[in-house]
Amino acid sequence: MKNKKGFTLVELLVVIAIIGILSSVAVVNLNSARDKAKRAAVLASLSGLGPAIQLCLDESTTANLFNVLLNDGSATAVDICSDADITTDWPKINQHGFNYDNSVIDANPTAGTWAYKAVADSTTLANINCTQAGCS
25 MKNKKGFTLV
35 ELLVVIAIIG
45 ILSSVAVVNL
55 NSARDKAKRA
65 AVLASLSGLG
75 PAIQLCLDES
85 TTANLFNVLL
95 NDGSATAVDI
105 CSDADITTDW
115 PKINQHGFNY
125 DNSVIDANPT
135 AGTWAYKAVA
145 DSTTLANINC
155 TQAGCS
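Using my numbering, you'd call the opening residue of the sequence shown number 25 and step up by one each time.
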């Protein structure tokens, strides 16, 4: 009888099945990490707007936040404030899977309050709400 060396077909199929299961778990984890990174990038961009928005509302009682967003929810080269001295633009967040919600951008210069919302394009990403207290 010959002494056979190597693996049987069943052993190879079991190894291939295990590798397939492990790779599918890895892909799911990578997608989750990618979504978290997108949300973190948008959160950082929007959190940085707080001082500029507050300055807009503090500098002039007639200045207001521009709600001039394109129909697709992106803000391309749109100043956040009508005060000519404040040249901060709304950050572009649509490349990260978010858009601005036109109906939620609101400001009350007298009370010093403001709020806006970034809506996720995907159901796996959570929306971002920003107010004078910060973004979450």
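For every residue, glycine included, the Cβ atom is placed at its ideal position computed from N, Cα and C.
Do you know offhand how far residue i's Cα is from residue j's?
| i | j | result |
| --- | --- | --- |
| A76 | A64 | 20 Å |
| I43 | S146 | 29 Å |
| D82 | T134 | 9 Å |
| N159 | Y124 | The sequence as given places Cys at residue 159; Asn does not occur at that position. Their Cα atoms are separated by approximately 14 Å. |
| F31 | A50 | 27 Å |
| V92 | V102 | Here the model assigns V92 a pLDDT of 46, short of 50, so the residue's position is not dependable, and the following value carries that caveat. Cα to Cα, the separation comes out at about 7 Å. |
| K29 | E35 | 13 Å |
| I117 | K60 | 14 Å |
| A150 | F122 | 10 Å |
| N10 | A41 | The requested residue 10 does not occur in the structure, where the chain is confined to residues 25 to 160. |
| A142 | V39 | 45 Å |
| I45 | Q119 | 32 Å |
| A157 | A108 | 25 Å |
| K62 | L33 | 43 Å |
Select from the options the residue whose C-alpha is nearest the C-alpha of residue i.
| i | options | result |
| --- | --- | --- |
| W138 | A61, H120, L73, V39 | L73 |
| R58 | C154, Q156, T148 | T148 |
| L67 | S47, K26, P115 | P115 |
Does DSSP classify residue i as helix, strand or coil?
| i | result |
| --- | --- |
| D103 | strand |
| A144 | strand |
| N95 | Interpretation of N95 is limited by its pLDDT of 43, a score under 50 that renders its predicted location unreliable; no figure is taken from the coordinates. |
| D59 | helix |
| I77 | helix |
Here's a check: name, in chain order, each residue in its chain whose Cβ is nearer than 6 Å to the Cβ of residue i, leaving out the five neighbours to either side.
| i | result |
| --- | --- |
| C3 | In the structure displayed, the chain extends from 25 to 160; residue 3 sits before or after that span and is not available. |
| V52 | none |
Excluding sequence positions up to five away, which residues of its chain have a Cβ less than 8 Å from the Cβ of residue i?
| i | result |
| --- | --- |
| I104 | L73, A76, I77, C80, L89, F90, I110, T112, D113, W114 |
So what does residue i bridge to, in DSSP terms?
| i | result |
| --- | --- |
| N123 | V143 |
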